[in-house]
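Enquirer: Below: one structure in structure tokens.
There are 2 protein chains.
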Amino acid sequence: MTDISKLGEFKLIDHLTKDIQIQNQSTKLGIGDDCAVMHYPDKEVLMTTDMLMEGVHFDLTYIDMQHLGYKSAMVNISDIFAMNGTPKQLLVSLAIDKRFKVEDMEAFYSGLQMACNKWHVDIVGGDTTSSRTGIAISITCIGEAKKEDIVYRSGAKDTDLICVSGDLGAAYMGLMLLEREKDVYYQQVDELNKKLKAAQKEQDNQLVEHLKKKLSELGNFQPDFAGKEYLLQRQLQTEARGDIIEKLQTANIHPTAMIDISDGLSSELLHICKQSKCGCRIYEKNLPIDYQTAVMAEELNMNVTTCALNGGEDYELLFTVPIPDHEKIQQIEGVRMIGHITKESLGAQLITRDNQEFTLRAQGWNPL
Amino acid sequence: MTDISKLGEFKLIDHLTKDIQIQNQSTKLGIGDDCAVMHYPDKEVLMTTDMLMEGVHFDLTYIDMQHLGYKSAMVNISDIFAMNGTPKQLLVSLAIDKRFKVEDMEAFYSGLQMACNKWHVDIVGGDTTSSRTGIAISITCIGEAKKEDIVYRSGAKDTDLICVSGDLGAAYMGLMLLEREKDVYYQQVDELNKKLKAAQKEQDNQLVEHLKKKLSELGNFQPDFAGKEYLLQRQLQTEARGDIIEKLQTANIHPTAMIDISDGLSSELLHICKQSKCGCRIYEKNLPIDYQTAVMAEELNMNVTTCALNGGEDYELLFTVPIPDHEKIQQIEGVRMIGHITKESLGAQLITRDNQEFTLRAQGWNPL
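Residue numbers (the UniProt record's numbering), protein chains in the order written: chain A, 1 to 368; chain B, 1 to 368.
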């Protein structure tokens with residue numbers, strides 16, 4: 001592994017960015033001057049930014065640097081799609097502490113680059129600096145859209161159908177799974193350490209050697225994720241749903257409101273209701289939930305509907321369309337109608353399987 | 001003081017951003033959706049981003065939250081000016097730990113807003129989140145320029161004059177001053193604590209009380225900055241030199257290359273030389289240095305030229321102009337010609353007062 005101090009800031013940036021090729025006509029100048037330069041004569045410019053902090057938004061015991069780079073880019077690209085735009089450029093700021101080596105940065109950039117290549121996005125600038133402790137990532141994504149194509153959160157109308165792409169709650173279940181396996185690992189380490197201490201006290205050298213060997217074997221601990229691969233993928237390999245945006249365009253469907261689901265369905269639906277000055281009714285039985293999500297929720301003794309409503313990190317698209325689009329939506333694979341928009345005075349309601357009504361809350365929906 | 005948890009993320013953002021008024025025609029939508037929306041039909045879009053980490057880029061024992069907000073905005077605005085552009089929009093990401101209260105955030109935002117008001121910049125979006133420890137700030141600034149007006153780092157030509165605005169090294173001397181006063185303070189605290197421990201051991205209650213009183217008085221420690229106000233101002237209240245950009249435009253001067261001085265004159269000059277494929281000669285006797293900078297360097301037994309070359313955080317503009325602009329430049333108050341561009345093979349040279357030549361280095365120029 002190579003120390004970053006061996007290269008220094010300028011050489012590190014050169015090293016990481018030397019292979020970056022500009023793909024978009026709107027990108028006039030990328031990395032290398034005080035600013036990046038872009039040109040958008042016929043389109044609106046969309047801009048979004050997100051900050052990810054170690055220990056708050058990610059845990060490096062779960063996610064490697066390459067997946068982290070990929071996810072950091074994707075969550076920002078997702079915001080451009082959520083306005084019905086096309087992502088075009090990315091600015092990347094990164095602060096790292098002394099733990100990190102040149103190879104870690106290479107892995108992070110290769111993840112970024114994979115996400116950008118998938119959606120033909122140019123990395124045009126950023127900042128690489130040091131932090132006292134932990135890693136901080138700030139990404140800004142720039143996109144374009146024709147003025148008339150932009151979809152805001154504020155356009156939903158009474159009777160519009162509420163649609164959601166993919167399925168919900170899996171990324172959250174993936175996180176729960178990773179946390180459980182981490183706990184299992186540390187419990188095993190703790191137990192062995194306790195036994196080791198006791199053995200050392202009693203000077204049982206044979207047992208000491210045996211326990212030390214067991215501890216070192218634990219370093220290669222491979223948690224068992226069999227049958228739960230989809231949950232891990234949803235947590236670690238976030239995808240922005242540009243494919244859904246393309247399908248909607250092909251089907252000539254123009255959503256009246258749209259948002260991406262980063263904080264959980266309830267929270268995002270409430271954003272749409274607030275900004276569109278409307279209410280909503282969604283149906284528990286219509287919520288798209290993957291089989292693995294349901295199994296994992298049961299294992300953890302959690303309510304799977306709560307996970308789907310409040311889980312977060314799904315990065316699916318939540319959008320509304322006028323009733324006449326009903327049949328066109330049905331034709332689109334991977335989109336589910338989960339309810340409809342109502343008058344504001346009716347509030348935001350979930351209708352359960354047994355026909356009870358509950359008011360949606362931004363955090364921690366609790367049916368009891 | 002108000003706990004942030006009392007408001008929650010969404011209400012905090014509402015609270016901080018509710019008074020923000022859009023000032024620019026290019027800003028179509030500010031805070032409140034997945035993205036900000038801008039429109040730049042006739043101009044190039046400039047974009048720059050900077051990350052500031054607590055303990056690396058700033059120390060909250062020196063700088064208050066309002067000045068920190070002001071500085072964070074200004075250093076990004078400065079990058080737009082350095083391309084000869086006009087700053088227009090700002091995206092603000094902020095991660096804070098549990099120490100911070102709503103009032104701290106208000107102070108930070110009021111500083112941001114002051115900087116933005118000065119240059120008519122709209123705050124259009126961002127992200128507010130928590131950090132495990134410390135504060136992280138990431139700002140993205142968007143600006144505009146006509147294509148033919150943009151000044152890159154790469155346009156300097158042999159014989160061009162090298163110019164710099166304002167004076168150099170003062171921000172660095174301001175930092176040294178603040179660090180010295182902090183050291184003085186902690187030395188006093190340490191000494192009193194040692195004496196207190198000894199007095200407690202000897203059970204000298206009268207002395208214990210006296211020392212405790214002295215320690216509590218130290219809490220109101222007011223360092224003596226008399227005669228050094230300019231150095232503090234340069235460190236704590238960074239200004240972007242948009243006034244110089246306006247003067248150059250009025251005088252009909254179009255620089256061939258330009259950069260803002262964030263890492264020190266030497267480092268920035270080497271960027272211009274590298275990207276313009278040229279060399280340079282600058283003259284020690286021409287470097288603009290304020291009287292307070294010189295006095296402080298002497299007090300600290302530092303070489304004032306080294307401070308001016310490598311100090312950093314000046315945020316002055318460094319630019320080159322063709323020889324025929326010589327007289328027009330002389331008319332502009334606050335701009336100094338410090339040397340000229342040469343052929344690449346001649347390298348980057350400093351000519352000292354006693355006519356010796358030294359090769360400029362990016363960090364830590366040492367004439368011995």
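The C-beta atom is built at its ideal place from N, Cα and C for all residues, glycine as well.
Rounded to a whole number of angstroms, what is the C-alpha to C-alpha distance between GLU27(B) and ASP314(A)?
Expert: Here residue 27(B) turns out to be Thr, not Glu, going by the sequence shown. Straight-line Cα distance between these residues: approximately 30 Å.
Enquirer: Do you know whose CA, among ARG361(B), ALA362(B), ILE289(B) and GLY279(B), lies nearest GLY339(B)'s CA?
Expert: The residue among ARG361(B), ALA362(B), ILE289(B) and GLY279(B) with its C-alpha nearest the C-alpha of GLY339(B) is GLY279(B).
Enquirer: Taking ILE289(A) as the reference, which of GLN25(A), LYS101(A), VAL164(A) and SER93(A) has the closest Cα?
Expert: Minimum Cα distance to ILE289(A) is reached at VAL164(A).
Enquirer: Residues in the same chain with beta-carbon distance under 7 Å from CYS273(B), minus the five sequence neighbours each way, listed in chain order, please.
Expert: GLY279, CYS280 and ALA348
Enquirer: Tell me the rounded alpha-carbon separation between THR250(A) and GLN331(A).
Expert: 12 Å
Enquirer: Please list, in chain order, all residues of the same chain as ILE4(B) whose beta carbon is under 8 Å from its beta carbon, the five residues on each side excluded.
Expert: LEU12, ILE96, PHE100, LYS101, VAL102 and MET105
Enquirer: Starting from residue 369(B) and walking both ways along the alpha helix (DSSP H), at which residues does that stretch end?
Expert: The requested residue 369(B) does not occur in the structure, where chain B is confined to residues 1 to 368.
Enquirer: Considering only the beta carbon of each residue, do LEU68(B) and VAL92(B) sit closer than 8 Å?
Expert: no
Enquirer: For the stretch 14-48 of chain A, enumerate the residues whose C-beta is nearer than 9 Å to any C-beta of chain B, in chain order.
Expert: SER26, LYS28, LEU29, GLY32, ASP33, ASP34, CYS35, ALA36, VAL37, MET38, HIS39, TYR40, PRO41, ASP42, LYS43, GLU44, VAL45, LEU46, MET47 and THR48
Enquirer: Would you kindly check if the distance between the Cβ of ILE135(A) and the Cβ of ALA73(A) is under 8 Å?
Expert: With respect to the 8 Å criterion, ALA73(A) and ILE135(A) are not classified as neighbours on the basis of their beta carbons.
Enquirer: Fully enclosed by the UniProt domain "PurM-like N-terminal" (32-144) of chain B, which alpha helix (DSSP H) runs are 4 residues long or longer?
Expert: 65-81 and 102-118
Enquirer: When the distance is taken between beta carbons, is GLU268(B) closer than 8 Å to LEU318(B)?
Expert: yes
Enquirer: Just to confirm, is the Cβ distance from ALA198(B) to SER266(B) under 8 Å?
Expert: The answer is no: Cβ separation not under 8 Å.
Enquirer: Out of curiosity, what's the CA-to-CA distance linking ASN366(B) and GLU191(B)?
Expert: Confidence at ASN366(B) is low in this model, with a pLDDT of 33, below 50, so the placement of that residue should be treated as unreliable; the coordinate-derived value is given next. Roughly 36 Å separates the two Cα atoms.
Enquirer: Give every residue of the same chain whose Cβ lies closer than 8 Å to the Cβ of LEU368(B), excluding the five residues on either side of it in the sequence, and list them in chain order.
Expert: With a pLDDT of 30 at LEU368(B), under the threshold of 50, the modelled position of that residue is not reliable, and the figure given next carries that caveat. Contacts found: none.
Enquirer: Could you give the DSSP three-state label for ILE272(B): helix, strand or coil?
Expert: helix
Enquirer: Taking only the alpha-carbon atoms, compute the straight-line gap between GLY364(B) and THR238(B) and give it to the nearest angstrom.
Expert: Confidence at GLY364(B) is low in this model, with a pLDDT of 39, below 50, so its placement is unreliable and the value that follows should be read with caution. Those two C-alpha atoms are separated by around 23 Å.
Enquirer: Taking only the alpha-carbon atoms, compute the straight-line gap between THR17(B) and VAL75(B) and give it to the nearest angstrom.
Expert: Going from the Cα of THR17(B) to the Cα of VAL75(B) covers about 21 Å.
Enquirer: Please confirm whether CYS141(A) and ILE77(A) have their CB atoms less than 8 Å apart.
Expert: yes
Enquirer: Could you pull the start and end residues of the alpha helix (DSSP H) that ASP183(A) belongs to?
Expert: 170-201
Enquirer: Cβ of ASP50(B) less than 8 Å from any chain A Cβ?
Expert: yes
Enquirer: Can you pull the DSSP bridge partners for LYS27(A)?
Expert: For clarity, residue 27(A) is Thr in the given sequence; the question names Lys instead. Residue pairing by DSSP places THR27(A) opposite MET38(A) in a beta bridge.
Enquirer: Give me the chain A residues within the contact set of residue 370(B), using Cβ-Cβ distance strictly less than 8 Å, ordered along the chain.
Expert: Past the edges of chain B, shown from 1 to 368, lies residue 370(B), and the structure says nothing about it.
Enquirer: Is it right to say PRO255(B) is buried, meaning 16 or more other beta carbons lie within 10 angstroms of its own, or is it exposed?
Expert: buried
Enquirer: Distance, Cα to Cα, SER130(B) vs GLU148(A)?
Expert: 36 Å
Enquirer: Just grab the DSSP bridge partners of THR293(A) for me.
Expert: Bridge partners of THR293(A): none, in fact.
Enquirer: Would you verify that the beta carbon of VAL121(B) is, or is not, closer than 8 Å to some beta carbon of chain A?
Expert: No - not a single Cβ of chain A is within 8 Å of the one on VAL121(B).
Enquirer: Going by DSSP, which residues form a beta bridge with PHE358(B)?
Expert: LEU350(B)
Enquirer: With GLY85(A) and SER276(A) assumed to form a contact (beta carbons below 8 Å), what rounded beta-carbon distance in angstroms separates them?
Expert: Rounded, the Cβ-Cβ distance is 19 Å, inconsistent with contact.
Enquirer: What distance in whole Å lies between the Cβ atoms of MET83(B) and MET47(A), which are believed to be in contact at a cut-off of 8 Å?
Expert: That pair is no contact at about 18 Å.
Enquirer: Output the distance between the C-alpha atoms of THR143(B) and MET51(A), rounded to the nearest integer angstrom.
Expert: Sequence check: residue 143(B) is Gly here, not Thr. Those two C-alpha atoms are separated by around 22 Å.
Enquirer: Does ALA136(B) have its Cβ less than 8 Å from a Cβ in chain A?
Expert: Yes, contact with chain A.
Enquirer: Here's a check: name, in chain order, each residue in its chain whose Cβ is nearer than 8 Å to the Cβ of LEU346(B), leaving out the five neighbours to either side.
Expert: For LEU346(B), where only same-chain residues beyond five positions count, the Cβ hits under 8 Å are GLY279 and ARG281.
Enquirer: To the nearest angstrom, report how far apart ILE329(B) and GLY219(B) are at their CA atoms.
Expert: 50 Å
Enquirer: Which residues in chain A have a C-beta closer than 7 Å to the C-beta of SER131(B)? List them in chain order.
Expert: Chain A residues near SER131(B): MET53 and VAL56.
Enquirer: Got a sec: is the Cβ-Cβ distance from LEU91(B) to anything in chain A below 8 Å?
Expert: yes
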